[in-house]
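K.L.:
Below is a structure I'd like to ask you about.
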């Protein structure tokens with residue numbers, strides 16, 4: 430199962446909100462940007478690269494890819510807040526952005542600083 434490729438480490442300090450951003454290319458021509466505010470676990474970057482490689486034969490559009498990624502990350506990490514952006518340029522420019530957060534979490538100061546693209 431591809432979720433098992435996601436390695437985690439304990440957060441260095443779960444008392445604080447901080448933003449983590451990772452980028453990758455799960456398949457040729459598809460770019461991914463992951464931004465998240467961890468809770469108790471952080472994502473181990475090398476394992477995220479291996480996890481993304483497991484999508485090489487993914488048969489679905491950007492929407493299906495974004496939802497699959499979100500489901501896996503939410504199950505393994507349980508982040509306070511997560512945003513995924515999946516982009517393809519061909520055959521037409523196509524961008525999907527999906528966001529989720531824990532029901533009781535809110536940090537308007539941190540989220541307000543994020544550049545929305």
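Numbering (our numbering), first residue to last: 430 to 546.
From the three backbone atoms N, C-alpha and C, an ideal C-beta is built for every residue, glycine too.
1. Under the three-state reduction of DSSP, which class applies to residue 546: helix, strand or coil?
2. Do you know how far the Cα of residue 462 is from the Cα of residue 447?
3. As an exercise, report each continuous beta strand (DSSP E) stretch of at least 3 residues that is fully enclosed by the stretch 433 to 521, in chain order.
4. With residue 529 as the anchor, note down where its beta strand (DSSP E) starts and where it stops.
5. Do you know whose CA, among 453, 430, 466 and 502, lies nearest residue 441's CA?
6. Check whether the stretch 529 to 537 and the stretch 510 to 517 are in contact - that is, three or more C-beta pairs closer than 8 Å.
7. Please say whether residue 517 and residue 459 have beta carbons closer to each other than 9 Å?
8. Using CA coordinates, which residue listed in 430, 445, 435 and 453 is at the minimum distance from residue 535?
9. For residue 464 versus residue 543, is the C-beta spacing smaller than 9 Å?
P.N.:
For this structure:
1. With a pLDDT of only 45 at residue 546, under 50, the local geometry of the prediction cannot be trusted, and no value is derived from it.
2. 16 Å
3. 437 to 439, 449 to 456, 459 to 466, 470 to 472 and 510 to 517
4. 523 to 530
5. 466
6. yes
7. yes
8. 445
9. Closer than 9 Å, so yes.
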